[in-house]
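Colleague: Residue numbers (our numbering), protein chains in the order written: chain F, 3 to 258; chain X, 569 to 1086.
Below you will find the structure I want to go over with you.
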């Protein structure tokens, strides 16, 4: 299986680079794009600490979604929180085992089931609710199929057909040193683990070019991350300040 | 009354979410602005006739989109991060009223997003079908013009979006793009032109304004026996009052304006209108034009400096208060020449509630005993601004004032008030007769909530604090069996209940005694 191991080793190198560089570039773009006006959806916090708390409630409890639609919230919350547990469980492939990770293993194991349930609920909505059906593009369906594929193949290995996890750990442990070129660091010759990892790599690759950008993006959403203090503190973007400085009305009149 | 069906109200207080239909509101949108109007606002005018696009419209539209997304973080982020979860799909009053699929907030955003994806993203460039990306065609432009003028930018969807995606930001950007390729909205751009040329939306010149105010003083004197002043351009006054020009003669707006004057009169503060800034409204926001919004805002700064006032107070107007509260400091600040002990700017309700709390107003609540009131939270006040020094003051303060001057008050159902309030159906630059069908259908959720409290709690009147809401309600609620006079200004209620104690205005004109002897 050396050929497959090398292929997967290179694939994960590429996927990781694309994920990190791609998301990094999007974050840099969001960071560098000015927000010229104060547009928090009010009532909004009047302090920076309050904004942190609002964002915390939003990303941990999905507060706005809860207000909006309880069933959607249930599926979305189930999926995302299960995903966190699953990810924590999977960290054992990259770091040494510790007490916390040992404790978390069973939670992560069963979270795989709730994760797939949540995803199934989200997918069902795309067929059953006419409004959601209308707004769904093929990519919205495929994204759910991809995640369910990852979840199901993972569950297969957890509950039906185990794979050699020590070998998988050796593979990922050797990633940095290109251990997958050697005899020791190969992947187990197991179709389920190969499918599972292939789908994960695909997910990593499409992350920076898809709606998965909602994960970093939500932190840059001006309606949620701005402090409601426009009367107390003057907020001006660099390009608007340039209008003032040069005494111009239109941006097209500005000297560059 | 109309060639379309007017929805029936149930009185249950809520509106059923309709099944999605396609193209029920397909059309050509509101009237398009002619070159003169576009020119006054610094927009391109190289289109041949109204309804034609400029040469190279496609490249220029994409160029504008690239420009906007590089200047507005909201636009860039919101175009990227929508996951199509559908949380917003049943939140828009225009979707509820029209069932048109493209009036679902996410579908409305997608009209722009699918073009963004096609030209600016990897997935859209190479796999357009997969991600629902489409080429920019004339058909798409027509859809933009039509459906981005079926959004009142009320931001109700943004409250319920898990990422706070604000369709108003998208529709403002879309209108800005359209303005740059020959598709400006006549209603909005003609009005902004009038503000630049004459000073207010209604094109009311200074002399006419002076006459109107003088007539008003006479009316109030006849009514109360006291010469309450409604001063114009009086230099050195403490307060500059900026109010929507509809307050000068529309009903019930003007009754609110009478109320502002009585409150100022009683508290013994000097104040004035400005003929230079005789308009609080700022339609620059509706069309997403920062430059024009700033131009309109600068008039207020100029007027404040010229009249040497110490404070700026805004009258009852929804979007104007959003621009004033959230943007004025940004657009026309810093206001270091004003008295820093007061909020800059201040809402008339913040002023009045303060005076009520101090006890400086003599109130007879029984003057409003013929009414049972409810209150319509205007979207831009509710979701785009604040009153007072704590979050949510914009909900409490108007209610506090109403309850201080009225004995009977009932709120509409909880999911139709505060930050979940439903738009009146005429906001965001849509208050034009060429969009009548949209306005009639868009008011449905609000009308339903109102019907609920009139049927079950005996509510007789709905108070509002926005000139557009008041105009829309008085014109469109009659389609649903309500009467025009059921809509009142909040300061109209104050005006009714206030018992004037001060016999002579602190701004009384010296020659007035002679007049009185006549």
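For glycine and all other residues, C-beta sits at the position ideal for the given N, C-alpha and C.
Three or more C-beta pairs under 8 Å: does that hold for the stretch 706 to 717 of chain X against the stretch 674 to 691 of chain X?
Modeller: Yes, they touch.
Colleague: With DSSP as the reference, identify every bridge partner of residue 518 of chain X, one or two as the case may be.
Modeller: Since the first residue shown for chain X is 569 and the last is 1086, residue 518 of chain X is missing from the structure and cannot be characterised.
Colleague: Bridge partners for residue 1066 of chain X per DSSP, in chain order?
Modeller: The residue labelled residue 1066 of chain X in the question sits at position 498 within the second chain. DSSP, once it has assigned bridges, lists X:931 as partnering residue 1066 of chain X.
Colleague: Can a CB atom of chain F be found closer than 7 Å to the CB of residue 979 of chain X?
Modeller: Counted from its first residue, the second chain places residue 979 of chain X at position 411. No, residue 979 of chain X lies away from the interface with chain F (no Cβ there is under 7 Å from its Cβ).
Colleague: In terms of residues, what are the limits of the beta strand (DSSP E) holding residue 1101 of chain X?
Modeller: An answer regarding residue 1101 of chain X cannot be provided, because it is not within the stretch 569 to 1086 covered by chain X.
Colleague: For residue 99 of chain F, list the residues DSSP reports as bridge partners.
Modeller: Counting from 1 along the first chain, the entry for residue 99 of chain F is found at position 97. Per DSSP, none; premise fails for residue 99 of chain F.
Colleague: Going along chain X, which residues have a C-beta under 8 Å from residue 41 of chain F?
Modeller: Mapped onto the first chain, residue 41 of chain F falls at position 39. 642, 734, 737, 894, 952, listed in chain order.
Colleague: So which residues on chain X does residue 139 of chain F lean against when the C-beta distance must stay under 8 Å?
Modeller: Along the first chain, read from residue 1 onward, the residue named residue 139 of chain F stands at position 137. Near residue 139 of chain F (Cβ distances below 8 Å), the residues of chain X are 652, 698, 699, 700.
Colleague: Can you pull out the residues from the stretch 655 to 673 of chain X whose beta carbon lies closer than 9 Å to at least one beta carbon of chain F?
Modeller: The stretch 655 to 673 of chain X vs chain F, Cβ under 9 Å: 655, 656, 657, 658, 659, 663, 669, 672.
Colleague: Let's test the definition: count the other Cβ atoms within 10 Å of the Cβ of residue 765 of chain X and tell me whether it reaches 16, buried, or not, exposed.
Modeller: Translated into the one-based positions of the second chain, residue 765 of chain X becomes position 197. It counts as exposed.
Colleague: Measuring only between beta-carbons, confirm whether residue 251 of chain F sits less than 7 Å from chain X.
Modeller: Within the first chain, the letter at position 249 stands for residue 251 of chain F. Chain X contact via Cβ: present.
Colleague: Within this structure, are the beta carbons of residue 1058 of chain X and residue 1031 of chain X separated by less than 7 Å?
Modeller: Residue numbering aside, residue 1058 of chain X sits at position 490 when the second chain is read from its first letter. Residue numbering aside, residue 1031 of chain X sits at position 463 when the second chain is read from its first letter. Cβ distance < 7 Å, so residue 1058 of chain X and residue 1031 of chain X count as in contact.
Colleague: Is there a Cβ from chain X that is less than 7 Å from the Cβ of residue 132 of chain F?
Modeller: The residue given as residue 132 of chain F occupies position 130 in the first chain. So yes, residue 132 of chain F belongs to the interface.
Colleague: Kindly indicate which three-state DSSP category residue 941 of chain X falls into: helix, strand or coil?
Modeller: On the second chain, residue 941 of chain X is found 373 positions in, with the first residue counted as 1. If DSSP states are grouped into helix, strand and coil, residue 941 of chain X belongs with the strands.
Colleague: When DSSP builds the beta bridges, which residues end up paired with residue 915 of chain X?
Modeller: To locate residue 915 of chain X, count along the second chain from 1; it is residue 347. Bridge partners of residue 915 of chain X: X:882.
Colleague: One question on the structure: do residue 777 of chain X and residue 842 of chain X come within less than 7 Å of each other, judged by their Cβ atoms?
Modeller: Residue 777 of chain X sits at position 209 when you count from the first residue of the second chain. Residue 842 of chain X sits at position 274 when you count from the first residue of the second chain. In this structure, residue 842 of chain X does not lie closer than 7 Å to residue 777 of chain X by Cβ.
Colleague: Closer than 6 Å by C-beta to residue 665 of chain X: which residues in its own chain qualify, once you throw out the five before and the five after it? Chain order, please.
Modeller: Within the second chain, residue 665 of chain X is the residue found at index 97, counting from 1. So the list reads 1009, 1010, 1012, once near-sequence residues are dropped.
Colleague: Quick one, are the C-beta atoms of residue 138 of chain F and residue 128 of chain F less than 7 Å apart?
Modeller: Position 136 of the first chain, counted from the start, is the residue given in the question as residue 138 of chain F. Position 126 of the first chain, counted from the start, is the residue given in the question as residue 128 of chain F. The answer is yes: Cβ separation under 7 Å.
Colleague: Which full runs of the alpha helix (DSSP H) of 4+ residues lie inside the stretch 676 to 711 of chain X, going along the chain?
Modeller: The stretch 676 to 711 of chain X contains these whole alpha helix (DSSP H) runs: 690 to 694, 696 to 699.
Colleague: Quick one: Cα of residue 117 of chain F to Cα of residue 80 of chain F, how far?
Modeller: Along the first chain, read from residue 1 onward, the residue named residue 117 of chain F stands at position 115. Along the first chain, read from residue 1 onward, the residue named residue 80 of chain F stands at position 78. Spanning the two alpha carbons is a distance of roughly 6 Å.
Colleague: In this structure, does DSSP put residue 1032 of chain X in helix, strand or coil?
Modeller: Counted from its first residue, the second chain places residue 1032 of chain X at position 464. Looking at residue 1032 of chain X - three-state DSSP - the assignment turns out to be strand.
Colleague: Restricting to Cα atoms, I'd like to know which of F:92, F:45, F:248, F:163 is closest to residue 732 of chain X.
Modeller: In the second chain, counting from the first residue as 1, residue 732 of chain X sits at position 164. Looking at the Cα atoms, F:45 is the closest of the given residues.
Colleague: On the criterion of 16 or more Cβ atoms from any shown chain inside 10 Å, does residue 812 of chain X qualify as buried, or is it exposed?
Modeller: Along the second chain, one-based indexing puts residue 812 of chain X at 244. The residue is buried, with at least 16 neighbouring Cβ atoms inside 10 Å.
Colleague: With a CB to CB cut of under 6 Å and the five nearest residues on each side skipped, what residues in its chain are close to residue 20 of chain F?
Modeller: Locating residue 20 of chain F in the first chain gives position 18, counting from the first residue. 207, listed in sequence order.
Colleague: For residue 1016 of chain X, collect the residues of the same chain with a Cβ closer than 6 Å to its Cβ; drop the 5 residues on either side in sequence, then sort them by chain order.
Modeller: Within the second chain, residue 1016 of chain X is the residue found at index 448, counting from 1. These residues qualify, in order along the chain: 577, 583.
Colleague: Are the C-beta atoms of residue 752 of chain X and some chain F residue less than 7 Å apart?
Modeller: By 1-based counting over the second chain, the position of residue 752 of chain X is 184. So no, residue 752 of chain X is outside the interface.
Colleague: Kindly indicate which three-state DSSP category residue 589 of chain X falls into: helix, strand or coil?
Modeller: Translated into positions along the second chain, residue 589 of chain X becomes position 21. Residue 589 of chain X falls in the strand class under three-state DSSP.
Colleague: Considering only C-alpha positions, which residue in the set F:90, F:113, F:115 is nearest to residue 104 of chain F?
Modeller: Taking the first chain and counting its residues from 1, the one referred to as residue 104 of chain F is at position 102. Among F:90, F:113, F:115, the Cα nearest to that of residue 104 of chain F belongs to F:90.
Colleague: Buried or exposed: which applies to residue 7 of chain F, given that a residue is buried once 16 or more other Cβ atoms fall within 10 Å of its Cβ?
Modeller: Taking the first chain and counting its residues from 1, the one referred to as residue 7 of chain F is at position 5. The residue in question, residue 7 of chain F, is buried, as its Cβ has 16 or more Cβ neighbours within 10 Å.
Colleague: Return no unless some Cβ of chain X is closer than 7 Å to the Cβ of residue 194 of chain F.
Modeller: Numbered from 1 along the first chain, position 192 holds the residue referred to as residue 194 of chain F. It does not; no Cβ of chain X falls within 7 Å.
Colleague: Could you tell me the alpha carbon to alpha carbon distance between residue 993 of chain X and residue 620 of chain X, rounded to whole angstroms?
Modeller: Here residue 993 of chain X refers to the residue found at position 425 of the second chain. Here residue 620 of chain X refers to the residue found at position 52 of the second chain. Their backbone Cα atoms lie some 29 Å apart in a straight line.
Colleague: Excluding sequence positions up to five away, which residues of its chain have a Cβ less than 8 Å from the Cβ of residue 606 of chain X?
Modeller: Within the second chain, the letter at position 38 stands for residue 606 of chain X. Taken in chain order, the residues that qualify are 612, 613, 747, 750, 752, 757.
Colleague: For residue 29 of chain F, return the contacting residues in chain X, with the cut-off set at a CB-CB distance below 8 Å.
Modeller: Taking the first chain and counting its residues from 1, one reaches residue 29 of chain F at position 27. Here the premise fails: no neighbours, minimum Cβ distance about 11 Å.
Colleague: When DSSP labels each residue in this structure, what does residue 600 of chain X get in the three-state scheme?
Modeller: Here residue 600 of chain X refers to the residue found at position 32 of the second chain. Strand.
Colleague: Find the nearest neighbour of residue 49 of chain F within the set X:957, X:655, X:870, X:667, judged by alpha-carbon distance.
Modeller: For the purposes of this step, residue 49 of chain F is taken as residue 47 along the first chain, with counting starting at 1. The shortest Cα separation from residue 49 of chain F among X:957, X:655, X:870, X:667 belongs to X:957.
Colleague: Along the stretch 83 to 96 of chain F, where does the CB come closer than 7 Å to a CB of chain X? Name the residues.
Modeller: Listed by position along the chain: nothing, the set is empty.
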